[in-house]
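Chains as they are written, first to last, in numbering that gives the first Met the number 0: chain A, 0 to 354; chain B, 0 to 354; chain C, 0 to 327; chain D, 0 to 327.
We put the beta carbon where it would ideally sit given N, CA and C, even for glycine.
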Amino acid sequence: MSSNDMITYSQAINLAMHQAMELDPSVICYGLGVDDPKRIFGTTDNLIEKFGAERVFDMPTAENGMLGIGIGAAINGLKPVMVHQRMDFFLLAMDQLVNSAAKWNYMFNGQRSVPITIRLIVGRGWGQGPTHAQNLQAWFAHIPGLKVVMPTTPEEARGMLLQSIVDPNPVVFIEHRWLHGQTGIVRDTPTPIPIDKAVMRRSGTDISLVAMSYQVVEALRAASALEQQGISAEVIDLCSIRPIDWPTILQSVEKTGRILALDSGALTGSVSSEVVAKVSETCFSSLKSAPARMGLPDHPEPTSYGLTKDFYYGADKIAIKAHEMVLGECEAERYAGLAGTGHHDVPGDYFKGPF
Amino acid sequence: MSSNDMITYSQAINLAMHQAMELDPSVICYGLGVDDPKRIFGTTDNLIEKFGAERVFDMPTAENGMLGIGIGAAINGLKPVMVHQRMDFFLLAMDQLVNSAAKWNYMFNGQRSVPITIRLIVGRGWGQGPTHAQNLQAWFAHIPGLKVVMPTTPEEARGMLLQSIVDPNPVVFIEHRWLHGQTGIVRDTPTPIPIDKAVMRRSGTDISLVAMSYQVVEALRAASALEQQGISAEVIDLCSIRPIDWPTILQSVEKTGRILALDSGALTGSVSSEVVAKVSETCFSSLKSAPARMGLPDHPEPTSYGLTKDFYYGADKIAIKAHEMVLGECEAERYAGLAGTGHHDVPGDYFKGPF
Amino acid sequence: MMSLSSTQAKRIYSMMQFIRKTEEAIADNYSSGQMRCPTHLSIGQECVPAVLSEILTVNDLAVSTHRAHAHYLAKGGSLDAMVAEIYGKATGCSGGRGGSMHLIDESVGFMGSTAIVGNTIPIGVGLGLAKKIKSESGIAVVFLGDGAIEEGVFYESANFAALKKLPVLFVCENNLYSVYSSLKDRQPAGRKIHELAASIGLWTKQGNGNSVEEAYDVCLEAYKHVLSGLGAAFIELDTYRWREHCGPNYDNDIGYRSVAEYEQHRANDPIATFETQLIENKIISQVDCSDVVDEINHKVAQAFEKAKAAPFPDERSSYQHVYAQESV
Amino acid sequence: MMSLSSTQAKRIYSMMQFIRKTEEAIADNYSSGQMRCPTHLSIGQECVPAVLSEILTVNDLAVSTHRAHAHYLAKGGSLDAMVAEIYGKATGCSGGRGGSMHLIDESVGFMGSTAIVGNTIPIGVGLGLAKKIKSESGIAVVFLGDGAIEEGVFYESANFAALKKLPVLFVCENNLYSVYSSLKDRQPAGRKIHELAASIGLWTKQGNGNSVEEAYDVCLEAYKHVLSGLGAAFIELDTYRWREHCGPNYDNDIGYRSVAEYEQHRANDPIATFETQLIENKIISQVDCSDVVDEINHKVAQAFEKAKAAPFPDERSSYQHVYAQESV
Ligand SMILES: Cc1ncc(C[n+]2csc(CCOP(=O)(O)OP(=O)(O)O)c2C)c(N)n1
Ligand SMILES: Cc1ncc(C[n+]2csc(CCOP(=O)(O)OP(=O)(O)O)c2C)c(N)n1
Ligand SMILES: [Mg+2]
Ligand SMILES: [Mg+2]
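Here it is as structure tokens:
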């Protein structure tokens with residue numbers, strides 16, 4: 000696995016882990032299942048074989064204690080990478096995250112920072128249901144002292160994970176389960192990618208679509224379709240949600256005069272709320288129409304296949320909304336072709352469950 | 000303590016607790032210190048004497064487990080009121096709050112709700128520092144299934160606590176330490192007050208100040224001073240931050256054309272972001288100037304008296320900002336009289352520490 | 000058959016078969032892609048739930064985990080509603096909102112299972128607290144695994160249950176694994192879970208969770224202890240999961256446990272062992288056994304048919320029930 | 000004086016007086032309203048920290064709680080920097096950002112104290128984990144109270160420390176109270192904390208935390224156990240807090256504990272007891288004692304003067320250090 004190859008997002012994560020652990024013996028990797036047969040969807044493949052059981056280890060089911068232990072290890076010179084198969088489990092660890100990791104450097108006056116990286120995986124589909132598919136990034140993005148990244152492409156997953164690990168601060172690194180299978184060209188050198196920059200994925204003049212993580216994939220599909228309708232959409236991938244790269248976003252909105260913020264979490268109090276608030280405050284006079292947000296509905300995710308068809312929104316809904324914002328009305332069927340054809344609850348036919 | 004008297008906010012809470020426990024034997028009250036000599040700043044005075052140790056009890060320092068136990072008790076027919084002297088301690092209980100309390104009714108298809116009330120007290124001043132003065136209401140406001148209230152006046156503290164207790168859903172009831180000493184007329188009948196309504200505290204035509212909890216007190220002081228400068232500010236007390244009473248806010252902004260959202264938490268990703276986002280989306284064409292937010296700086300609270308002078312913002316800064324929004328420039332000294340004169344880190348001279 | 004009457008023994012046998020056949024039907028049907036939710040089977044672990052079904056009454060309340068089918072059925076939960084739930088149907092016990100990991104049947108005191116490890120432990124203790132405060136009869140039962148005891152919330156909950164002498168029975172099925180992690184990677188060598196529980200302040204007992212007689216004695220003694228108001232109890236029952244952690248298949252090929260280990264535990268099949276015993280003791284005949292199984296298979300097949308035929312819940316209802324409406 | 004040389008005994012005596020006099024000075028000055036942060040005194044609890052000061056080396060790392068002054072000083076932390084920190088001054092050990100509850104002096108291995116109960120327990124275990132992985136000498140010491148052991152995070156941390164045989168020593172000062180809550184309202188009657196810790200898998204020992212000799216023996220044995228790589232240990236040392244939970248005053252009048260109870264523990268003053276012993280054994284004279292105290296009082300007075308005279312940190316610096324800048 001290497002060399003400017005076309006690889007998957009999970010392979011890119013794996014590559015970064017190998018690079019980081021090779022470059023720096025103080026990097027350790029732990030979490031439920033990091034050394035089990037499934038290897039966290041392949042992302043921890045071969046780590047224990049190569050770096051040994053002292054640096055790569057499973058843990059008891061004890062999320063808060065084990066995060067605190069990682070923080071202590073970080074304070075004493077290690078660079079831990081902790082992994083959770085679901086973000087939902089990590090709710091048990093909020094005391095250590097917020098009261099310790101995020102504040103240590105500040106409350107001890109900059110004497111000691113906490114270089115820990117916490118990989119959180121967002122579940123989706125196949126009935127993950129109310130407690131295995133939450134998108135709580137807005138929580139982390141609200142906490143001073145944390146950095147929070149949500150890379151979309153394999154290359155950025157690789158480079159931003161490397162940077163997260165060498166960053167002296169606690170970084171919450173969020174992976175969407177439906178990105179793991181996405182492929183892309185990935186650099187073979189262990190070059191980190193800054194974790195405070197948004198990326199303009201596609202440039203446009205009529206509207207700015209500002210998205211994160213898997214919603215970027217959908218936004219790009221929408222942008223292509225919009226182009227065919229004569230609408231030029233700019234797509235910005237936030238990449239980092241704390242800090243947010245405001246100059247890139249504001250510049251885009253100054254240019255297009257329209258913003259549609261796309262969140263992968265529940266709408267109310269989401270990161271997209273922050274984006275729309277900031278843009279409205281700052282670019283008010285440049286706005287040609289009301290800013291808008293899209294996010295998940297404000298209810299827990301139901302499990303049933305029959306209840307989840309409209310829970311997530313994809314390119315079709317994004318395109319309709321953007322079309323309306325730029326040109327006014329839009330018939331529902333105009334972008335019908337963007338709706339997926341297979342089962343709505345799997346990223347592709349290859350996925351057969353159970354998780 | 001009763002009878003349309005002028006009483007303090009803590010007495011009002013205490014009154015509501017007495018009323019609730021008298022009216023309904025299934026109400027219980029527990030938490031660290033509810034029966035100790037200090038009685039949670041007087042809010043649990045005489046409860047154990049009147050209702051006994053089975054219904055009013057102290058607990059081990061075990062926030063997550065003890066919340067789950069309250070949830071179980073609620074599921075089996077009790078109406079627990081849990082108390083935390085500091086919101087910060089409650090970070091340990093996020094799994095039970097979000098994965099159990101907030102979702103139980105939904106994930107079991109409406110068969111069983113969780114009528115628990117969780118009182119959280121926000122600390123401020125006298126060096127409470129990074130982990131004893133956090134304002135994390137934005138977190139709770141982001142979670143479907145929770146109700147979140149932050150009453151400002153004694154009467155609303157009383158009535159909304161009563162309603163929180165009889166509400167069939169989990170309610171996070173947030174008290175600001177600096178409100179405990181505020182006085183006001185309180186009804187003596189055990190009449191609940193709806194927990195989904197904002198209250199217009201003062202009507203005006205030039206700008207809407209939308210605030211919560213202690214910031215409403217400061218907003219009202221600012222509005223008085225603004226009036227003397229010929230600026231008519233409308234002050235809306237959110238009271239409930241989930242759900243937010245949008246009609247009241249939107250109507251106000253439609254009228255004034257200007258909004259300044261005032262948060263008691265760190266600015267980025269705050270409830271004020273949600274307010275500004277929603278208003279910008281909905282009232283775009285009514286806005287006469289860019290919407291604005293104020294909140295705490297995006298860093299943890301330092302402890303030192305020397306570092307906290309500007310950490311909180313009060314009526315003076317609110318007035319300046321509002322003045323600028325309505326009339327353009329505003330000299331810094333115009334509202335200097337609104338700045339407090341005594342120590343900045345205590346609610347009044349009566350406060351001698353340590354907490 | 001010491002403490003068990005032959006009627007009881009037969010009922011326990013039937014319950015074990017009922018659980019097994021239901022689970023096997025799930026396994027057989029899973030690959031058709033219609034049960035679209037994570038699903039954890041208890042095949043091999045039927046004995047403890049079955050034994051408890053003979054002891055617990057409808058006044059006793061229970062909560063469980065991600066691996067809850069057996070507990071739900073043993074508590075008397077509706078088979079049809081469970082299968083429909085796994086199929087995500089409107090007729091499911093949670094209306095399709097919960098799936099396999101969120102089962103409920105309040106009519107029989109099964110108060111809910113959830114998917115976060117350790118999550119229902121304090122909730123079960125809270126059920127017991129309410130029972131005590133309301134002077135309600137019966138006890139609260141908390142089903143949990145050997146992995147769940149690693150969560151701090153177990154310790155906090157056990158401490159409080161012991162402190163207040165609550166009518167709570169913790170039933171720990173120790174199947175040696177948490178997903179693919181063996182006990183030795185998670186808990187100190189040589190430490191016994193039941194001894195740990197005892198030191199927290201719980202009355203405890205340990206036993207073979209694949210032996211009906213032993214499990215019955217352990218469960219009954221613990222139940223009586225709790226029911227008589229002497230305080231909370233914890234029982235640890237050794238057992239073994241035959242199939243993969245999550246999903247319908249066997250997974251002895253993937254390397255986290257040896258085939259030899261699996262074969263050894265497989266030989267302790269609680270059902271086969273008990274069946275042999277019953278036949279040897281002439282409590283039941285081979286033919287009776289077949290009849291029992293046939294009847295169960297029929298019931299199970301019907302449940303699957305009904306579930307498959309049932310409608311999905313109305314998509315537009317997905318906004319409902321975020322909040323309960325009526326005051327309580 | 001068994002295991003203690005007279006030099007050691009004198010040093011321990013001095014350290015106890017050092018802690019006491021520092022704390023008394025805080026109490027005396029607190030009401031002037033210049034130490035504007037919650038402050039928890041250890042008066043009456045000086046023995047365990049003082050004894051450990053004789054055992055621990057600079058290679059040993061320590062973390063502590065809201066009640067950390069004694070641990071910080073015993074570990075060798077700078078007095079001046081601590082007093083300045085309580086005064087919120089720029090010269091404080093945390094630059095005024097932390098106050099009394101957030102002390103740090105990394106130069107002597109005091110890695111931090113924090114204000115959330117139980118919060119530093121896993122962090123101390125993590126320090127030990129890093130020591131083990133890096134094959135670093137010394138151990139990690141976790142100071143904690145009898146209340147903190149109720150947090151699930153203690154249990155989780157202890158489990159992991161035992162599992163991995165980490166070089167971690169848990170030092171539990173059992174002062175019978177958590178704020179105003181007595182042990183009996185929080186933990187099952189008759190349960191011993193050290194026995195609970197043993198059942199989790201830790202090597203344990205219990206002793207009188209107000210007796211220098213006994214506490215020294217317990218601490219030394221535990222320290223040697225951990226240092227020699229045999230795994231994590233937990234010691235429980237009984238003691239008593241004389242003043243209010245938080246703040247400078249006595250509070251026997253408010254009713255959560257009886258004056259009789261207080262007087263009984265007050266009579267076991269670790270310093271007076273040890274002083275009498277030292278004088279009886281002619282290790283030190285009454286005059287020596289006064290000299291020690293005088294010298295300490297002088298040092299303490301100087302620290303207070305310096306702290307009062309020091310400037311507050313620059314308000315504009317309050318935005319700094321939210322993030323560390325340099326890559327690590
Ligand atoms: C808090 C949390 N952490 C991790 C998981 C992932 N997980 C699901 S089941 C399971 C194993 C639990 O083991 P045990 O309690 O022994 O139950 P068993 O599966 O053996 O029945 C784990 C770790 C989870 N669901 N919740
Ligand atoms: C998580 C949390 N819950 C509650 C508190 C409030 N609190 C501060 S100190 C304390 C007492 C802790 O008792 P113990 O561990 O015995 O320490 P001691 O004060 O006796 O030294 C409590 C409950 C807190 N700081 N953090
Ligand atoms: Mg198990
Ligand atoms: Mg104590």
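query: Let me know the alpha helix (DSSP H) ranges lying completely inside the region 175 to 247 of chain A, each 4 residues or longer, listed in chain order.; result: 213 to 227
query: Beta carbon of Val116(D): closer than 8 Å to some heavy atom of ligand 2?; result: yes
query: Just how far apart, CA to CA, sit Ser180(D) and Met34(D)?; result: 26 Å
query: Under 7 Å between beta-carbons, which chain B residues line up against Asn98(A)? List them in chain order, please.; result: Asp87, Leu90 and Thr130
query: For Val286(C) and Glu274(C), I'd like the C-alpha separation in whole angstroms.; result: 11 Å
query: Among Arg241(B), Phe310(B), Tyr29(B) and Ala19(B), whose alpha-carbon lies nearest the alpha-carbon of Lys146(B)?; result: Arg241(B)
query: Cα separation between Ser25(A) and Pro79(A)?; result: 8 Å
query: So which residues on chain B does Thr113(C) lean against when the C-beta distance must stay under 9 Å?; result: Asn98, Ser99, Lys102, Trp103 and Met106
query: For Leu128(D), verify whether its CB is less than 8 Å away from any heavy atom of ligand 2.; result: no
query: When you compare the region 275 to 293 of chain A with the region 65 to 79 of chain C, are there three or more beta-carbon pairs, one atom per stretch, that lie closer than 8 Å?; result: no
query: If you draw a straight line from the alpha carbon of Tyr29(D) to that of Gln44(D), how long is it in whole angstroms?; result: 19 Å
query: Quick check on Trp245(B): buried or exposed, where buried means 16 or more other Cβ atoms within 10 Å of its Cβ?; result: exposed
query: Between the region 92 to 112 of chain D and the region 327 to 339 of chain B, do at least 3 Cβ pairs fall closer than 8 Å?; result: no
query: At the level of alpha carbons, what is the spacing between Gly71(B) and Lys320(A)?; result: 43 Å
query: Determine contact between the region 331 to 347 of chain A and the region 117 to 136 of chain B, defined as no fewer than three beta-carbon pairs at a distance below 8 Å.; result: no
query: What runs of the beta strand (DSSP E), each 3 residues or longer, lie entirely inside the region 8 to 72 of chain A?; result: 26 to 29
query: Please enumerate, following chain order, all residues with a beta carbon closer than 6 Å to at least one heavy atom belonging to ligand 3.; result: Gly144(C), Asp145(C), Gly146(C), Asn174(C), Tyr176(C) and Ser177(C)
query: How about Arg38(B) and Leu46(B): are their beta carbons less than 9 Å apart?; result: yes
query: Does any heavy atom of ligand 5 sit closer than 8 Å to the C-beta of Arg256(D)?; result: Absence of ligand 5 from the depicted structure is noted, with ligand 1, ligand 2, ligand 3 and ligand 4 being the only ligands included.
query: Residues of the region 94 to 112 of chain C in Cβ contact with chain B at a cutoff of 7 Å, in chain order, please.; result: Gly94, Arg96, Gly97, His101, Ile103, Glu105, Met110 and Gly111
query: Is the separation between the beta-carbon of His179(B) and that of Thr42(B) shorter than 9 Å?; result: yes
query: Is Phe88(B) near ligand 2, in the sense that its beta carbon is under 8 Å from a heavy atom of that ligand?; result: yes
query: Quick one: residues in its chain with C-beta nearer than 7 Å to the C-beta of Leu225(B), no 5 flanking neighbours on either side, listed in chain order?; result: Ala232, Ala318, Ala321 and His322
query: Using a C-beta cutoff of 9 Å, does His179(B) count as contacting chain D?; result: no
query: Give me, in chain order, the residues of the same chain whose beta-carbon lies closer than 6 Å to that of Asn134(A); leave out the 5 immediate sequence neighbours on both sides.; result: Val121, Ser263 and Gly264
query: Quick one: is Phe311(C) near chain B, going by C-beta distance under 9 Å?; result: no
query: My guess is that Pro37(C) and His70(C) are in contact by the Cβ rule of under 8 Å, so how many angstroms apart are they, rounded?; result: Not confirmed; about 17 Å, so no contact.
query: Only counting the same chain, and skipping five residues up and downstream in sequence, which positions put a Cβ closer than 7 Å to that of Ala19(B)?; result: Val26, Leu161 and Ile164
query: For a cutoff of 9 Å on Cβ pairs, would you count Pro121(D) as touching chain A?; result: yes
query: Below 7 Å between beta carbons is the criterion; list the residues of the region 318 to 350 of chain B that meet it against any residue of chain D, in chain order.; result: Asp344
query: Output yes if chain A places a C-beta closer than 9 Å to the C-beta of Ser156(D); else output no.; result: yes
query: What ranges does the alpha helix (DSSP H) occupy inside the region 125 to 191 of chain D, keeping only unbroken runs of at least 4 residues that lie completely in it?; result: 151 to 162
query: Determine the chain A residues that contact Lys133(D) at a beta-carbon separation under 7 Å, and present them in chain order.; result: Gly76
query: Can you tell me which of the three DSSP states Asp250(C) falls into?; result: coil
query: CB Ile234(D) to CB Val170(D), shorter than 9 Å?; result: yes
query: Which same chain residues end up closer than 7 Å to Pro299(A) when comparing Cβ atoms and leaving out the 5 residues on each side of it in sequence?; result: Pro129
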